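The UniProt record's numbering puts the first residue of the sequence shown at 1, with every later residue one more than the last.
Even glycine gets a Cβ: it sits at the ideal position worked out from N, Cα and C.
The model shown is predicted, which means the values in this text are computed figures rather than measured ones.
Worksheet for the structure shown next.
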Amino acid sequence: MDKHGCPAYVGPEILSCKGSYSGKAADIWSLGVALYTLLVGCYPFQGTKPILLFGKICRGRFTVPSDLSPKAQCLIRCLLRRDPAERLTASGILLHPWTPPKEICVQILFFSTSQGWISWFTISGG
1 MDKHGCPAYV
11 GPEILSCKGS
21 YSGKAADIWS
31 LGVALYTLLV
41 GCYPFQGTKP
51 ILLFGKICRG
61 RFTVPSDLSP
71 KAQCLIRCLL
81 RRDPAERLTA
91 SGILLHPWTP
101 PKEICVQILF
111 FSTSQGWISW
121 FTISGG
């Protein structure tokens with residue numbers, strides 16, 4: 001298991017070393033750190049030494065500035081939940097009120113040069 005990367009983005013479940021963890025949930029945590037950093041201009045968890053930073057991440061306490069919109073505050077809090085099972089999923093993020101509605105259209109094309117056929121289907125929603 002590779003545990004390299006920017007320390008500020010590491011989720012608490014990775015730091016706990018309690019065995020396996022969900023890569024998807026850990027990515028959602030990292031997305032929350034990235035969103036916070038983009039909207040606020042600094043990391044949600046800071047420490048002068050890695051051990052101090054990791055302690056803050058494991059405690060999961062951070063402050064969301066009140067000048068962010070309530071929807072942005074809510075989304076950040078939903079992404080940076082200590083318990084990975086309580087975090088939003090990718091689908092939940094797309095449905096969150098802060099995320100603007102989008103028309104989703106995916107077209108998938110299948111082809112086989114050896115058998116000489118082409119097939120496709122389209123998924124629409126939004």
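Could you give the C-beta distance for residue i and residue j, rounded to a whole number, given that I count them as a contact under 8 Å?
i	j	result
residue 77	residue 25	The pair is not a contact, with the Cβ atoms about 15 Å apart (cut-off 8 Å).
residue 43	residue 30	So it is not a contact: roughly 11 Å between Cβ atoms.
residue 71	residue 100	That pair is no contact at about 11 Å.
Give the range of the alpha helix (DSSP H) segment to which residue i is assigned.
i	result
residue 72	70–79
residue 36	23–40
residue 91	90–95
residue 50	50–59
residue 12	12–15
Which one of the options has the shortest CA to CA distance from residue i?
i	options	result
residue 45	80, 90, 18, 21	80
residue 47	7, 75, 97, 72	7
residue 65	28, 23, 37, 55	37
residue 68	16, 20, 41, 50	41
residue 53	93, 101, 15	15
residue 21	92, 95, 57, 85	85
residue 12	55, 49, 92	55
residue 74	57, 95, 59	95
residue 18	58, 62, 91, 89	58
residue 63	23, 49, 51, 33	33
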